[in-house]
Amino acid sequence: MTATLARLPAADEGSAIRIVLNQYTTSNALYSLDILDKQGHELAPAALPLTSTQQQLVAQARQGQTILLLQPLSVAAPTVSSSPQWLLLLARPTPTYAGGIMVATQAINGQFMQDLSQRAGTGLLACVQNQFVEATALDLARSTMLKNETQQQMCQHDEPQIVESHETYLVQGQSMHLAQQIAGTPDLTLSTIEPLYNLNTHPRRWMLLIVGTGLFVFSLGIFLFSFFTSVLLIRPLRRLQAHAQILVAQNTGVQMELPRGNDLSMLAQSFQLLNESLYNESQALIDQTHNLLVMSDALMSTLNLEQLLAEFVTRMGNIMHVKHVALLLYGRESIAPWAVAQWSETPEEPPQTESQTVPSTVSVYTDPNNDITMAVTSKMAAIPNPQSLTPSAKRAAIRAGAPTTGGTIKPSRIPNHALHELDMTLARMAIQRQKIVYGEDIATIYQKKQERWARLALEAGYCSAIAVPLLLQDQAIGTFILYTEESHPISSRDTFLLSTAALQTSMAIENALLFAEVKDKNAALERANHLKSQFLANVTHELRTPLHSIISYGALILEGFVDGTLTEEQEQHIQFMVDRAEDLSHLVDDMLDLSKIEADRIEIKSEPLELATSLSQVIEQLKPLANNKELYLRLRIDRGIPQVLADGHRLRQIVINLVSNAIKFTEKGGVTIHCHHLQQQDMVQIAVTDTGIGISPAALGYIFEAFRQADGSTTRRFGGTGLGLTIAKKLIELQGGEIAVESIPGEGSTFSFTLPIAEPSEVVIKNT
1 MTATLARLPA ADEGSAIRIV LNQYTTSNAL YSLDILDKQG HELAPAALPL
51 TSTQQQLVAQ ARQGQTILLL QPLSVAAPTV SSSPQWLLLL ARPTPTYAGG
101 IMVATQAING QFMQDLSQRA GTGLLACVQN QFVEATALDL ARSTMLKNET
151 QQQMCQHDEP QIVESHETYL VQGQSMHLAQ QIAGTPDLTL STIEPLYNLN
201 THPRRWMLLI VGTGLFVFSL GIFLFSFFTS VLLIRPLRRL QAHAQILVAQ
251 NTGVQMELPR GNDLSMLAQS FQLLNESLYN ESQALIDQTH NLLVMSDALM
301 STLNLEQLLA EFVTRMGNIM HVKHVALLLY GRESIAPWAV AQWSETPEEP
351 PQTESQTVPS TVSVYTDPNN DITMAVTSKM AAIPNPQSLT PSAKRAAIRA
401 GAPTTGGTIK PSRIPNHALH ELDMTLARMA IQRQKIVYGE DIATIYQKKQ
451 ERWARLALEA GYCSAIAVPL LLQDQAIGTF ILYTEESHPI SSRDTFLLST
501 AALQTSMAIE NALLFAEVKD KNAALERANH LKSQFLANVT HELRTPLHSI
551 ISYGALILEG FVDGTLTEEQ EQHIQFMVDR AEDLSHLVDD MLDLSKIEAD
601 RIEIKSEPLE LATSLSQVIE QLKPLANNKE LYLRLRIDRG IPQVLADGHR
651 LRQIVINLVS NAIKFTEKGG VTIHCHHLQQ QDMVQIAVTD TGIGISPAAL
701 GYIFEAFRQA DGSTTRRFGG TGLGLTIAKK LIELQGGEIA VESIPGEGST
751 FSFTLPIAEP SEVVIKNT
């Protein structure tokens, strides 16, 4: 309201203030509301003038305090009516008008009590000087039924008390003395009144009704609690207990009876049993996984098929704790296996055979002459132990993994005592289905189905069997079978372990067969290479004699040792014949050197050698060849070059080869031989640089291969066989050096090679 008054316009301020005051008086149900200036004049005169009491309050409020006062109306009646009997007066300074005072009057009436009741949340009764003044509508109706003495008792503001009248009431009063109230004026007392219904009417009947209702509610609660506990707790606990029993049976393979008792103890014992079962299961799985890894390492460590099969059946028998293990590998055109491996817990006594029986209780048999049709690759496969096999019997086409009955049946060379009908029957069943086949209780199977394999197993003393196919690329190549003398339930752990072992074994068998194939092929290649080298050596040796004869007789004719005079044309033809014969002689020498190098029969006599002497001889020998093409041929040797450890004859052969090639492929410019010391490597580098046609980057990768040149056009234009660089490279490597090439097409090439120094002390050679 203060903010509203501050915004009023100065013109016609009195009427505007009165309008605002009337609005607040009406909205707040005030008896009166006035504002006085500092001279005591009303800013908006009201219909009723200020009383003397109000003027006294105004005088006290001018001292800056808020003043409260409770006073009666002079027209009050002795009975309860709608007219107010008491007024609450308030005077306080207002900040809107300097020195101004706001005076408000509130009647203690029904509306005032209703507002207080709503704020307090309970019905209220107002008293002044222990006399009833006003109340809310409900409490007013109740208070009219009370006598005057009772009303005075209800207006007391001591501790709670029970008041007896027509009914029994619980009364609590409190004096509302305010800090701003003028001393000596009466206080306003507010009381709450609540009837205690029906406790004094028919007490026994109602008490029984209340007790009966309580017992019914209590019984209903117990019933509902029991029902929901059974539905929501006990039944799920029993289902959980049943699942625990199933899990224990699945993991242990034994149907166990759980303990009896109350549900919680049974559940606790069930989980304890399940926990122990899972712990034992995890330990068994860890042990089997460890054994499987060890077996995998053992299988991958050998490439001999017989050793591999013996290792597998031995380790599988020990891991699975079975009585007997049999492994059979099948070919395409045979109904009998081409390889059999057997392991038994107790030693057997098979007939004495050749070296196919592994010591102890392990036996491995192979039939190398039968077709080995493994589904491993599209290549050829071979059986290990090549000493006892013929080349034609070692390899066979790898087509399909399952045995068939079509085509020509080749008899097996595996001893009859190693071929058991039971093993082959179960093996064919697993191969045809390409999945694990097992019988946990063979006696029960035989009673129900009367199958032949079951009868054979019982006759052999076996109570359970499991056959696992060996698969590679979704094709079966064989089977291994486990037998036990007791019924053995097959768990998911067993199938996982056996499947993993089968996959590892199939891969190991593939590796062994491929190794044998590669070994045989390498032996064949080595033999062919040896025959080639021997052929080249024989041919070159046979060619050297007639070539030398041709060269010698041609030289004699050209030198005039033959009677008669040759014409110029005849001399040219004979000279051409001698030149071509010399070319053939060089080719024969190169081929002979290459064959000796490949056969590791070439002799290298390394000794301390001065480069200046050997390289000068090369320069003198090839100088005429360079002069014929008007090319320069230079030798540069750095100061301080030490002696090298090399074969002098082979060194000159290498340098002559490199320089001859450089001169041949150079049209203008020349060739330079440069020698310098690589001190960090204790090597001497010899580089032959030309200004010829160069070598393409693509040809640099194969330039040192035998019978290879940069391209066909180079061969047609310059001639040559492509053996010189190959021989030079091998001779350099035999002397402990390396060769390298750098080239820019159209600008020239540099062939450099290194040789080791002869000794730490350096021999200074003067530059020539």
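full-length UniProt numbering puts the first residue of the sequence shown at 1, with every later residue one more than the last.
Think of the CB as a built atom: it goes at the ideal place given N, C-alpha and C, for glycine as much as any other residue.
Model, not experiment: these values are computed from the prediction.
query                                                                                                           : result
Span of the alpha helix (DSSP H) around Trp453                                                                  : 452-459
Separation of Ala555 from Leu547, as counted between CA atoms                                                   : 12 Å
Nearest candidate by alpha-carbon position, reference Ala326, set Leu50, Ser191, Ser363                         : Ser363
Counterpart residues of Trp338 in DSSP-defined beta bridges                                                     : Trp338 pairs with nothing; no bridge assigned.
Identity of the residue in Gly724, Asn291, Ile727, Gly746 nearest Pro697 by Cα                                  : Gly746
Those runs of the alpha helix (DSSP H) which lie wholly inside the segment 665-750 and span at least 4 residues : 712-718, 724-734
Distance CB(Leu633)-CB(Val688) smaller than 7 Å                                                                 : no
Assumed close pair Leu426, Trp453 - CB separation to whole angstroms, cut-off 8 Å                               : 6 Å
Assigned exposure category for Arg428 - 16 Cβ within 10 Å defines buried                                        : buried
Cβ contact (3+ pairs, closer than 8 Å) linking the segment 483-492 and the segment 436-445                      : yes
Whole-number beta carbon distance between Ile509 and Leu305, since they are thought to touch under 8 Å          : 7 Å
Contact test: Val578 Cβ vs the ligand ZN heavy atom, cutoff 6 Å                                                 : As far as ligands go, the structure on display features none, and thus does not contain the ligand ZN.
The segment 616-634 / the segment 737-744 touching (three or more Cβ pairs under 8 Å)                           : no
Member of Leu625, Asp187, Glu311, Thr136 whose CA lies at the smallest distance from the CA of Gln118           : Thr136
Straight-line gap, Val211 to Val217 (C-alpha atoms, nearest Å)                                                  : 10 Å
Three-way DSSP call (helix, strand, coil) for His324 in this model                                              : strand
Same chain, Cβ closer than 6 Å to Thr302, neighbours up to 5 away in sequence not counted                       : Leu308
Residue from His321, Glu569, Trp338, Gln56 whose Cα sits closest to the Cα of Leu329                            : Trp338
Within 7 Å, strictly: CB atoms of Ile654 and Leu731                                                             : yes
Presumed contact (8 Å Cβ cut-off) between Leu89 and Leu57, rounded CB distance                                  : 6 Å
Own chain residues within Cβ distance below 6 Å of His674, not counting five before or after                    : Arg636, Ala687
Cβ-based burial, Trp206 [other Cβ within 10 Å; buried from 16]                                                  : exposed
Ile19, buried or exposed, once every other Cβ within 10 Å from all chains shown has been counted against 16     : exposed
Proximity winner among Leu190, Pro72, Glu164, relative to Gln172 (alpha-carbon distances)                       : Leu190
Spatially closest choice to Ser549 from Met577, Glu568, Gln570, by CA coordinates                               : Met577
Best match in Ser491, Phe223, Glu134, Val294 for proximity to Glu281 [C-alpha to C-alpha]                       : Ser491
Residue range of the alpha helix (DSSP H) that includes Phe561                                                  : Premise fails: Phe561 is in no alpha helix (DSSP H) and is neither H nor E.
As assigned by DSSP and simplified to three states, the class of Arg433                                         : helix
Rounded Cβ spacing between Ala341 and Ala298 (contact assumed at less than 8 Å)                                 : Actually they are not in contact, since the Cβ atoms of Ala341 and Ala298 sit about 14 Å apart, beyond 8 Å.
Beta-carbon proximity check, Val644 vs Val684, cutoff 7 Å                                                       : yes
Delimiting residues of the alpha helix (DSSP H) encompassing Gly612                                             : Looking at the sequence provided, one finds Ala at residue 612 rather than Gly. Run containing Ala612: 611-628, per the alpha helix (DSSP H) assignment.
Limits of the beta strand (DSSP E) - the one that Gly173 falls within                                           : 168-176
His530 classed as buried or exposed, judged by whether at least 16 other C-beta atoms fall within 10 angstroms  : exposed
Ile693 versus Leu700 - alpha carbon distance                                                                    : 14 Å
Length of the line joining the Cα atoms of Asp690 and Glu542                                                    : 37 Å
Where Pro642 falls, given that 16 or more other Cβ within 10 Å makes a residue buried                           : buried
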